[in-house]
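Using my numbering, you'd call the opening residue of the sequence shown number 146 and step up by one each time. Notes follow once the structure below has been shown.
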Amino acid sequence: MGRSSKDKRDIYYRLAKEEGWRARSAFKLLQLDQEFSLFHGVSRAVDLCAAPGSWSQVLSRKLRVKKEHEEVKIVAVDLQAMAPLPGVTQIQGDITKVSTAQEIIRHFEGRPADLVVCDGAPDVTGLHDVDEYIQAQLLLAALNITTHVLKPGGAFVAKIFRGKDVTLLYSQLKIFFSSVTCAKPRSSRNSSIEAFVVCQSYSPPEGYVPNMSNPLLDHCYDVDFNQLEGPNRVVVPFLACGDLSAFDSDRSYPLQLDASKQYQYTPPTQPPIRPPYQQACQLRKTNQLAREDAPAL
Ligand code: SAM
């Protein structure tokens, strides 16, 4: 029997089929849990960018085994519709939209989540810088939602592209979590730039009030950022350099700055138009360029 294209699929693809997972990505979350015990004590979880739903399947199978079903709450969100899963509430929406964030918050009815996961990925354009940028925006939108629903001490796991500016993302995450680790599960292809940030012990800065003023969210134009206070407001220092002895760029000064000296014109070091072929142009104008008796150039 000849090889079909299916045989060439990797081991995790085949295992996913055998074990009934909707996608091979299920193994990434399972392996992250093996390493970090993510599901320990978890009964309320959010799965952002969940379709086709293998991470929600993992959450549903793992959390509902450990706890009474009524205690477990799983909310899954994606742009795409998903086939139903036991114990999973589904929201079809864009996680960068404030309306979606508000709907997720509503489902938790004031009781926070223990875990937020996000496997979100944009449609890859092939332009690495653009893909990395969009991925980072998705992660920040997920982080913003997380600050509204996660309990102190809770965990956030998200896909990240390890591009050249990834350090900025790590420092943004470190503001909210005591521990941030970048993990690459075995099931994530070595050729892929993807990895997962495992952020543990949610501890926002003192006085931080979750707000929808994230400029990534769609309504940011309605927000008066100047009204935000404390750690919610970003203020960077403004420094006027130099002292009054330096020239003021908005004032007019006499041509001769030193009054004791006579003004002397200084020609520009490089006149704007003096091409090396200027003489040839001149000769051509007087019809002397191709003549034998033309003066030598
Ligand atoms: N974890 C999923 C699973 O195991 O089945 C796979 C997720 S798939 C790699 C990435 C998902 O991100 C896609 O289903 C896509 O629709 C979703 N996505 C991308 N941008 C999104 C956005 N702005 N809001 C919601 N979902 C988004």
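Heads up, the beta-carbon is just placed ideally off N, CA and C, and yes, glycines get one too. Note that the structure is a prediction, hence the values are computed from the model and not measured.
Rounded C-alpha distance that separates residue i from residue j
i, j, result
"valine 217", "lysine 296", "15 Å"
"aspartate 178", "alanine 190", "14 Å"
"glutamate 374", "proline 350", "13 Å"
"leucine 434", "serine 394", "49 Å"
"glutamate 180", "cysteine 327", "12 Å"
"glycine 147", "glutamine 280", "Because the pLDDT at glycine 147 is just 44, under 50, the model does not fix this residue reliably, and the value given afterwards should be weighed accordingly. For glycine 147 and glutamine 280, the distance between alpha carbons rounds to 40 Å."
"isoleucine 156", "valine 354", "45 Å"
"aspartate 403", "tyrosine 315", "54 Å"
"phenylalanine 184", "asparagine 289", "22 Å"
"leucine 272", "tyrosine 158", "27 Å"
"glutamate 163", "glutamine 176", "17 Å"
"arginine 206", "cysteine 344", "23 Å"
"lysine 151", "proline 376", "Here lysine 151 scores only 49 on pLDDT, less than 50, and its place in the model should not be relied on; the value that follows carries that caveat. Those two C-alpha atoms are separated by around 53 Å."
"leucine 284", "alanine 385", "36 Å"
"threonine 431", "threonine 414", "30 Å"
"valine 275", "isoleucine 338", "14 Å"
Reduced DSSP category for residue i - H, G, I as helix; E, B as strand; rest coil
i, result
"glycine 298", "strand"
"alanine 161", "helix"
"arginine 436", "coil"
"isoleucine 240", "coil"
"asparagine 371", "helix"
Within 8 Å, strictly: CB atoms of residue i and residue j
i, j, result
"valine 294", "alanine 258", "yes"
"tryptophan 166", "aspartate 264", "no"
"valine 342", "alanine 303", "yes"
"isoleucine 219", "glycine 232", "yes"
"leucine 260", "valine 325", "no"
"alanine 266", "aspartate 223", "no"
"valine 203", "alanine 171", "yes"
"leucine 193", "valine 269", "no"
"phenylalanine 322", "tyrosine 347", "yes"
"histidine 252", "threonine 241", "no"
"glycine 255", "leucine 230", "no"
"lysine 173", "proline 330", "yes"
Enclosing beta strand (DSSP E) for residue i [first to last residue]
i, result
"arginine 189", "189-193"
"phenylalanine 341", "339-347"
"valine 354", "Here valine 354 belongs to no beta strand (DSSP E), and DSSP marks it neither H nor E."
"glutamine 235", "233-237"
"threonine 326", "322-328"
Can you list, in chain order, the stretches of the beta strand (DSSP E) that have 3 or more residues and sit fully within the segment 377-429? none
Note down, one range per segment and in chain order, each alpha helix (DSSP H) of at least 4 residues found wholly within the segment 243-318. 243-252, 273-294
Which residue spans inside the segment 169-226 form an unbroken beta strand (DSSP E) run of at least 3? 189-193, 218-223
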